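The sequence shown maps to residues 98 to 187 in our numbering.
We treat Cβ as the ideally placed atom computed from N, Cα and C, and that holds for glycine.
The model shown is predicted, which means the values in this text are computed figures rather than measured ones.
Here the structure is laid out as structure tokens; the discussion comes afterwards.
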Amino acid sequence: MFHNTRDLEAAVWRAFDAKRLRRFRPVPHSTARGEHAHMLEIAAARRLRAVERLGEARSDDADYWKAVAPSAIGKARAVRREPGFAGLPG
Numbered sequence: 098m099f100h101n102t103r104d105l106e107a108a109v110w111r112a113f114d115a116k117r118l119r120r121f122r123p124v125p126h127s128t129a130r131g132e133h134a135h136m137l138e139i140a141a142a143r144r145l146r147a148v149e150r151l152g153e154a155r156s157d158d159a160d161y162w163k164a165v166a167p168s169a170i171g172k173a174r175a176v177r178r179e180p181g182f183a184g185l186p187g
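Below you can see the structure in the form of structure tokens.
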């Protein structure tokens, strides 16, 4: 991957700088639409996890993940009904 010592040292310093500067990155402001999208993302991940577990012949685990996915959808629905949630234009 690295053809000489100089390339290796440069990569190490870039990684070190990235770790050091990570403290100063801006914190994203959470919006109602962002929380709604995050809840839907969680529900989708839970459903995918259920399918993976079913493929591994772990039906008890798959049943659990399938059962908890609707709770994230319910939370997304609650966020969507909040007064600060802006609908899509059009």
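Taking Cβ positions, are A107 and V176 nearer each other than 8 Å? To locate residue 107, count along the sequence shown from 1; it is residue 10. To locate residue 176, count along the sequence shown from 1; it is residue 79. The answer is no: Cβ separation not under 8 Å.
So P167 is in the alpha helix (DSSP H); what residue range does that whole segment cover? Within the sequence shown, numbered from 1, the residue matching residue 167 stands at position 70. Element bounds for P167: S156 to R177.
So L137 is in the alpha helix (DSSP H); what residue range does that whole segment cover? Numbered from its first residue, the sequence shown carries residue 137 at position 40. Start and end: A129 to G152.
Assumed close pair W162, A147 - CB separation to whole angstroms, cut-off 8 Å: Reading the sequence shown from its first residue, position 65 is the one you call residue 162. Reading the sequence shown from its first residue, position 50 is the one you call residue 147. The C-beta distance from W162 to A147 rounds to 4 Å, short enough to meet the 8 Å contact threshold.
Please report the Cβ distance between A140 and A159, rounded to the nearest whole angstrom; I am assuming they are in contact, meaning their Cβ atoms lie under 8 Å. By one-based count along the sequence shown, residue 140 stands at place 43. By one-based count along the sequence shown, residue 159 stands at place 62. A140 to A159, Cβ: 15 Å. No contact.
Proximal residues to M136 (C-beta, below 8 Å), its chain only, five neighbours per side dropped: The sequence position of residue 136 within the sequence shown is 39, counting from 1. Within its own chain, the residues whose Cβ lies closer than 8 Å to the Cβ of M136, once the five positions on either side in sequence are excluded, are A169, I170, K172, A173 and V176, listed in chain order.
Quick check: what's the CA-CA separation for R155 versus A134? Here residue 155 corresponds to residue number 58 of the sequence shown, with the count starting at 1. Here residue 134 corresponds to residue number 37 of the sequence shown, with the count starting at 1. R155 and A134 have their C-alpha atoms roughly 29 Å apart.
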